[in-house]
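Q: Structure in structure tokens, see below.
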Ligand SMILES: Cc1cc2nc3c(=O)[nH]c(=O)nc-3n(C[C@H](O)[C@H](O)[C@H](O)COP(=O)(O)O)c2cc1C
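Set out below in structure tokens:
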């Protein structure tokens with residue numbers, strides 16, 4: 001039986017181990033995790049979600065404090081349209097996060113940045129252009145355009161000197177989404193260097209509706225593969241979502257995938273940004289503890305542990321400090337949900353909001369425990385000690401397990 005290591009991802013002249021660790025915002029896929037993937041010959045992702053906030057934690061900068069200071073006068077105002085990001089500071093924070101990561105890169109692999117286009121930041125085009133350009137300036141190897149795929153993104157950076165040399169990829173969940181993107185970006189004369197095909201079992205936001213369970217990743221990959229072949233388009237396909245063992249990965253590679261993107265297995269590694277007590281919750285989860293719900297204010301479905309503190313929390317919207325989900329008109333679905341509950345409880349008691357969540361605050365604080373469908377199998381990937389605590393793994397261990405395992409086996413730590 002074959003192993004993942006029998007395959008290689010070919011990017012031009014470069015050969016990589018065909019394992020890509022997916023982006024996990026906000027700083028769950030840390031620089032350290034992405035650097036391990038690169039050191040081991042694969043591809044890792046940092047995330048561009050809330051980079052000023054991440055920079056404050058990583059480099060002791062004061063972007064959040066200063067932004068809150070600047071807009072403090074607006075905290076009680078439900079209209080957040082005045083709360084704008086300073087584009088120069090946004091570029092500076094991105095340069096720090098990406099630049100320091102790339103300086104630390106060792107080994108034959110690559111580090112990409114996952115760009116969540118649903119972070120509309122009260123000025124979608126302007127902020128996206130700055131985030132993409134600043135990441136390219138700072139030497140990122142590649143950019144994966146994710147959630148909310150903005151069809152005009154290639155055009156936003158087509159004048160950048162690295163537009164044709166950096167790897168640019170997109171995440172889609174259907175052939176139709178891919179076709180639309182290719183049509184819209186055809187004018188730039190540039191195809192994506194890779195396409196991540198994300199199925200319904202992935203972590204984070206889902207590119208499917210309420211009927212997500214009726215879709216099958218393998219079937220979507222075959223449909224896209226056959227269409228690309230018929231169109232004579234040679235674009236590497238990278239399936240993602242529910243690929244839990246090396247053997248799962250081999251099945252996709254044998255069916256013509258160029259690599260696989262994986263994430264959930266790495267949430268319980270030392271290099272991952274989740275605090276250890278949260279990682280223990282991931283280990284302990286059973287199938288019934290995982291749900292797909294509507295609480296993300298992006299409007300996309302999201303998969304998470306039911307015990308996430310973010311669910312039902314009624315914190316005041318924190319847009320003056322964060323504000324990453326404000327649309328072009330300074331609006332976020334959580335603001336409406338929160339204000340509705342406040343109006344319903346005029347006595348001033350602490351409100352609970354069940355239908356939406358303040359995604360910025362809770363992702364920042366690691367209180368929204370998003371995970372892939374198979375998170376309930378994480379307990380089979382480690383050892384439990386007498387106190388009931390699971391051993392946190394190393395990224396190298398998990399990477400090697402994907403790379404070398406056969407027969408659906410999962411190697412436990414030594
Ligand atoms: C904790 C967590 C956070 C994630 N955050 C993001 C994100 O910010 N952007 C994104 O495009 N995908 C995100 N994803 C999806 C992953 O990058 C990946 O495509 C998917 O989870 C792969 O499926 P798997 O987790 O079953 O291996 C996230 C996944 C997890 C588990």
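Numbering (full-length UniProt numbering), first residue to last: 1 to 414.
Every residue, glycine too, gets a C-beta built ideally from N, C-alpha and C.
Is the segment 279 to 299 touching the segment 52 to 71, taking contact as three or more C-beta pairs under 8 Å?
A: Too few Cβ pairs lie closer than 8 Å, so no.
Q: Among 102, 164, 340, which one has its Cα closest to the Cα of residue 193?
A: Mapped onto the chain shown, residue 193 falls at position 193. Of the listed residues, the one whose Cα sits closest to residue 193 is 164.
Q: Would you say residue 18 and residue 259 are within 8 Å of each other, going by their C-beta atoms?
A: In the chain shown, counting from the first residue as 1, residue 18 sits at position 18. In the chain shown, counting from the first residue as 1, residue 259 sits at position 259. Yes, the pair counts as a contact, with Cβ atoms nearer than the cut-off.
Q: Is residue 61 closer than 8 Å to residue 90 when the C-beta atoms are compared?
A: One-based indexing of the chain shown puts residue 90 at position 90. One-based indexing of the chain shown puts residue 61 at position 61. Cβ distance not < 8 Å, so residue 90 and residue 61 don't count as in contact.
Q: With burial defined as no fewer than 16 other Cβ atoms inside 10 Å of the residue's Cβ, what is the status of residue 345: buried or exposed?
A: For this step, residue 345 is matched to residue 345 along the chain shown. So residue 345 ends up on the exposed side.
Q: Three-state secondary structure (DSSP) at residue 205?
A: As a position in the chain shown, residue 205 is number 205, starting the count at 1. The answer is strand: DSSP assigns residue 205 an E or B state.
Q: Would you kindly work out how many angstroms separate the C-alpha atoms of residue 226 and residue 1, rounded to a whole number?
A: Within the chain shown, the letter at position 226 stands for residue 226. Within the chain shown, the letter at position 1 stands for residue 1. Answer to the nearest angstrom: the Cα atoms are 25 Å apart.
Q: Tell me the DSSP secondary structure of residue 291 in three-state form.
A: Along the chain shown, one-based indexing puts residue 291 at 291. Here residue 291 sits in strand by DSSP.
Q: At a cut-off of 7 Å, would you count residue 110 as near ligand 2, judging by its Cβ distance to the nearest heavy atom?
A: Only ligand 1 can be found as ligands here, which leaves ligand 2 out of the picture.
Q: Can you grab the Cα-Cα spacing for the pair residue 276 / residue 282, in whole Å?
A: Residue mapping note: residue 276 aligns to position 276 of the chain shown, counting from 1. Residue mapping note: residue 282 aligns to position 282 of the chain shown, counting from 1. Approximately 10 Å, taken between the alpha carbons.
Q: Which ranges would you report for the beta strand (DSSP E) in the segment 144 to 218 if only whole runs of at least 3 residues count?
A: Complete beta strand (DSSP E) runs here, min 3: 167 to 172, 194 to 198.
Q: Classify residue 354: buried if its beta carbon has 16 or more other beta carbons within 10 angstroms, exposed otherwise.
A: Here the question's residue 354 lines up with position 354 in the chain shown. The residue in question, residue 354, is exposed, as its Cβ has fewer than 16 Cβ neighbours within 10 Å.
Q: Count the other CB atoms, across all protein chains shown, that sit within 10 Å of the CB of residue 82; report buried if there are 16 or more and exposed otherwise.
A: If you number the chain shown from 1, residue 82 lands on position 82. That one is exposed.
Q: Looking only at DSSP bridge pairs, what is residue 390 linked to?
A: In the chain shown, counting from the first residue as 1, residue 390 sits at position 390. BP columns for residue 390 point to 384.
Q: Indicate, with yes or no, if ligand 1 has a heavy atom lying under 7 Å from the CB of residue 1.
A: For this step, residue 1 is matched to residue 1 along the chain shown. No, Cβ of residue 1 sits at least 7 Å from all heavy atoms of ligand 1.
Q: At 3 residues or longer, what runs of the beta strand (DSSP E) sit wholly inside the segment 224 to 302?
A: Qualifying beta strand (DSSP E) stretches, in chain order: 237 to 240, 260 to 262, 290 to 293.
Q: Using C-beta distances below 6 Å, list every residue in its chain close to residue 120, excluding the 5 sequence neighbours before and after it, in chain order.
A: In the chain shown, residue 120 corresponds to position 120, counting from 1. Only 327 meet the Cβ criterion.
Q: Could you tell me the distance, in whole angstroms, from the CA atom of residue 15 to the CA atom of residue 239?
A: Looking up residue 15 in the chain shown gives position 15. Looking up residue 239 in the chain shown gives position 239. Between residue 15 and residue 239, the C-alpha separation is close to 18 Å.
Q: From the DSSP secondary-structure annotation, give me the bridge partner or partners of residue 112.
A: Walking along the chain shown from the start, residue 112 turns up at place 112. Beta-bridge pairing links residue 112 to 45, 142.
Q: Per the contact definition of three or more C-beta pairs closer than 8 Å, is the segment 242 to 257 in contact with the segment 392 to 410?
A: Touching, per the Cβ criterion.
Q: What is the DSSP secondary structure of residue 59, reduced to helix, strand or coil?
A: Position 59 of the chain shown holds residue 59. Three-state DSSP puts residue 59 in a helix.
Q: Closest to residue 168 by C-alpha separation, out of 29, 182, 307, would be which residue?
A: For the purposes of this step, residue 168 is taken as the residue at position 168 of the chain shown. Minimum Cα distance to residue 168 is reached at 182.
Q: Please report the distance separating the alpha-carbon of residue 175 from that of residue 76.
A: Start at 1 with the first residue of the chain shown, and residue 175 comes out as number 175. Start at 1 with the first residue of the chain shown, and residue 76 comes out as number 76. Cα to Cα, the separation comes out at about 44 Å.
Q: Report the rounded CA-to-CA distance for residue 230 versus residue 223, giving the unit in angstroms.
A: Mapped onto the chain shown, residue 230 falls at position 230. Mapped onto the chain shown, residue 223 falls at position 223. Approximately 11 Å between the Cα atoms of the pair.
Q: Among the residues of its own chain, which have a CB less than 6 Å from the CB of residue 150, if the five just before and after it don't count?
A: Here residue 150 refers to the residue found at position 150 of the chain shown. Contacts found: 117.
Q: Comparing C-alpha positions only, which one of 95, 124, 299, 133 sits nearest to residue 209?
A: On the chain shown, position 209 is the one that residue 209 refers to. The shortest C-alpha separation from residue 209 is found at 299.
Q: Name the DSSP bridge partner or partners of residue 370?
A: Position 370 of the chain shown, counting from 1, holds the residue named residue 370. Residue 370 pairs with 304.
Q: Return yes when at least one heavy atom of ligand 1 lies under 7 Å from the C-beta of residue 243, else no.
A: To locate residue 243, count along the chain shown from 1; it is residue 243. It does: the Cβ of residue 243 is within 7 Å (strictly closer) of some heavy atom of ligand 1.
Q: Say whether the segment 330 to 350 touches the segment 196 to 204, bearing in mind that this needs 3 or more beta-carbon pairs closer than 8 Å, one atom from each stretch.
A: Too few Cβ pairs lie closer than 8 Å, so no.
Q: If we count the other Cβ atoms within 10 Å of its Cβ and call it buried at 16 or more, is residue 364 buried or exposed?
A: For the purposes of this step, residue 364 is taken as the residue at position 364 of the chain shown. Under this definition residue 364 is a buried residue.
Q: Terminal residues of the continuous alpha helix (DSSP H) containing residue 441?
A: Past the boundaries of the shown model lies residue 441; the chain is included only from 1 to 414, so the question cannot be answered.
Q: Measuring from the CB of residue 117, is there a heavy atom of ligand 1 at a distance below 7 Å?
A: For the purposes of this step, residue 117 is identified with residue 117 of the chain shown, where counting begins at 1. No, ligand 1 has no heavy atom inside 7 Å of this Cβ.
Q: Among 185, 47, 196, whose alpha-carbon lies nearest the alpha-carbon of residue 157?
A: Taking the chain shown and counting its residues from 1, one reaches residue 157 at position 157. Closest by alpha carbon: 185.
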